[in-house]
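Novice: For what it's worth, our numbering labels the leading residue of the sequence shown as 203, then goes sequentially. Idealized CB from N, CA, C, for every residue including glycine. None of the values given here were measured: they were computed from a predicted structure. Sharing a structure here in structure tokens format.
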Amino acid sequence: MPSMKRLLPLLFLGVALAARFATFSVEPFGPQRVNLDTGVTTLPQGGVLVDNENGLRLKGSYIEYKEGSFVRAKGVELLSGKETFVAQSLEHDIPKQEARFQGLTFSNADFKGLKAERALALFGEDVVVLKGKVQAESPRLQAETLVVDLQGREALALGSFTYQEGKATLKGQGASARLHLRFQGGKVVASTKVPQGALPLAAYASRLP
């Protein structure tokens with residue numbers, strides 16, 4: 203028979219794992235449907251999910267989720283710390299801390315009305331990748347692909363772009379075109395010469411086909 207000393211660590215481990223996966227608080231706007239075979243909960247009329255572990259608050263017109271696994275939603279507003287994501291649809295892989303969006307509008311302290319046909323948020327790395335008719339109200343930007351480093355407060359446009367600041371306009375054509383943006387002191391510093399430290403941002407683009 204196992205000793206009590208051997209059992210206690212196993213008991214504490216079980217409690218820790220249960221706490222990790224019991225992170226959602228749920229406010230449904232209508233009925234909740236739970237599939238006992240798959241563990242998937244559906245909110246056909248939508249609701250609000252709060253992921254206490256990752257600090258995310260999601261509101262959707264339709265939601266299905268499995269705790270510790272995934273969230274899928276339509277008509278989405280997702281709040282993450284200092285960022286706001288509004289999208290037509292969302293697929294959030296909880297273990298990977300990744301969320302894929304369709305029809306995204308993104309805003310934070312640096313960007314206002316940043317839109318893209320599709321996007322990938324890497325919450326564990328504080329990076330957002332946007333592709334497809336990327337455009338922002340502020341700063342005034344149009345691009346094929348944009349990688350945003352949220353923590354470093356910089357962004358890298360890859361491929362053809364147009365950037366406007368006052369009467370000045372920067373343009374790039376072709377797949378090799380690059381534009382680096384750095385946000386500091388309430389201003390944007392834009393350059394077609396990418397600093398060495400920002401070059402790794404380009405690799406994130408491949409994470410979103």
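#1: Scan the segment 238 to 318 and note each continuous beta strand (DSSP E) run of 3 residues or more that stays entirely inside, going in chain order.
#2: Can you check which of these residues, 271, 340, 386, is closest to residue 300 by C-alpha distance?
#3: Name the DSSP bridge partner or partners of residue 371?
#4: Roughly how many whole angstroms lie between the Cα atoms of residue 378 and residue 255?
#5: Within 10 Å of its beta-carbon, does residue 232 have 16 or more other beta-carbons around it, so buried, or fewer, so exposed?
#6: Could you tell me the alpha carbon to alpha carbon distance between residue 224 and residue 269, rounded to whole angstroms?
#7: Looking only at C-alpha atoms, which of 327, 359, 317, 370 sits nearest to residue 335?
#8: Return yes when at least one heavy atom of the ligand ATP lies under 6 Å from the C-beta of residue 257, else no.
#9: Hey, residue 306 and residue 280: beta-carbon distance below 7 Å or not?
#10: Assuming residue 372 contacts residue 394 (C-beta within less than 8 Å), just tell me the rounded distance between them.
#11: Assuming residue 310 and residue 333 form a contact by the criterion Cβ under 8 Å, report the distance between their Cβ atoms to the nearest whole angstrom.
#12: Identify the residues that DSSP records as bridge partners of residue 230: which are they?
#13: Helix, strand or coil for residue 410? Go by DSSP, reduced to three states.
Specialist: The short version:
#1: Here the runs fully enclosed are 242 to 245, 249 to 253, 258 to 262, 264 to 268, 272 to 282, 285 to 295, 300 to 309.
#2: Of 271, 340, 386, the residue nearest in Cα terms is 271.
#3: Residue 371 is bridged by DSSP to 366.
#4: Roughly 39 Å separates the two Cα atoms.
#5: Exposed: under 16 other Cβ atoms inside 10 Å.
#6: The predicted model places residue 224 with a pLDDT of 40, which falls under 50 and marks its position as unreliable, so this point remains unresolved.
#7: For residue 335, the closest C-alpha among the options 327, 359, 317, 370 is that of 317.
#8: As far as ligands go, the structure on display features none, and thus does not contain the ligand ATP.
#9: No, Cβ-Cβ distance for residue 306 and residue 280 is not below 7 Å.
#10: The C-beta separation of residue 372 from residue 394 comes to about 6 Å, placing the pair in contact by the 8 Å criterion.
#11: About 18 Å separates the beta carbons of residue 310 and residue 333, which is beyond the 8 Å limit, so they are not a contact pair.
#12: Paired residues: 249.
#13: The answer is coil: DSSP assigns residue 410 none of H, G, I, E or B.
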